[in-house]
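Below is one structure, written out as structure tokens; the observations come after it.
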Amino acid sequence: MAQGVITKIGREKLCKAHAGDITLPAITQMAFGSGGVDEGGAVIATTGEEVSLRTELLKKDIDSHTYPITTTGRYSVRLGKEELADQTISEQGLFDAEGDLIAYKTFLPKGKDGDMEFIFDMDEIF
């Protein structure tokens, strides 16, 4: 079962932005990693205390974003055929323009063949 959370730093930034003390930086990148499962293959639970992916493999600029409903931002990234070819992906994160991990998700491993493109979406739900 996938585990996702807005991180503590993400919640702190939202709180300060709502109070008018900061301007909220945009989500600009999505990262992919292989550290979302334990040695037995079970999905590692998220805590919200994460500041980075456990085993980051690649970080890319966001390709696009949409609002499937008014309280959800959906961020999308396309991985080309050569990107993460023959790798297993089991964690994903959204980073803001200041380089902070804002949302983090772990899930069962997804293998990526070298002749395939993948599109990854990640929702930030409020």
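Each residue of the sequence shown is one higher than the one before, counting from 58 in the numbering used here.
We treat Cβ as the ideally placed atom computed from N, Cα and C, and that holds for glycine.
As the structure is a prediction and not an experimental result, all values here were calculated from the model.
Reference residue i; option with closest CA among the options
i, options, result
"Pro166", "Gly97, Thr80, Ala83 and Gly77", "Gly97"
"Ile182", "Thr85, Tyr132 and Leu110", "Tyr132"
"Arg68", "Phe89, Phe177 and Val108", "Val108"
"Leu141", "Leu81, Ala102, Asp170 and Thr103", "Asp170"
"Leu158", "Ala76, Glu139, Cys72 and Lys116", "Lys116"
"Thr127", "Cys72, Lys73, Asp180 and Gln60", "Asp180"
"Pro125", "Ile79, Asp178, Ala74 and Glu139", "Asp178"
"Gly130", "Leu151, Gly92 and Ile66", "Leu151"
"Ser121", "Ala99, Gln86, Gly90 and Gly92", "Gln86"
Classification of residue i by the beta-carbon crowding that lies within 10 angstroms, buried from 16 upward
i, result
"Glu106", "exposed"
"Thr64", "buried"
"Lys70", "buried"
"Thr123", "exposed"
Residue i in three-state terms, based on DSSP
i, result
"Ile205", "Absent from the structure is residue 205, since the part of the chain shown begins at 58 and ends at 183."
"Glu174", "coil"
"Lys116", "strand"
Pair within 8 Å by beta-carbon distance, residue i and residue j
i, j, result
"Leu110", "Glu155", "no"
"Gly137", "Glu113", "no"
"Thr163", "Ala59", "yes"
"Leu153", "Ile84", "Sequence check: residue 153 is Asp here, not Leu. Yes, they are a contact pair."
"Ala88", "Leu81", "no"
"Ile176", "Arg135", "yes"
"Val62", "Tyr161", "yes"
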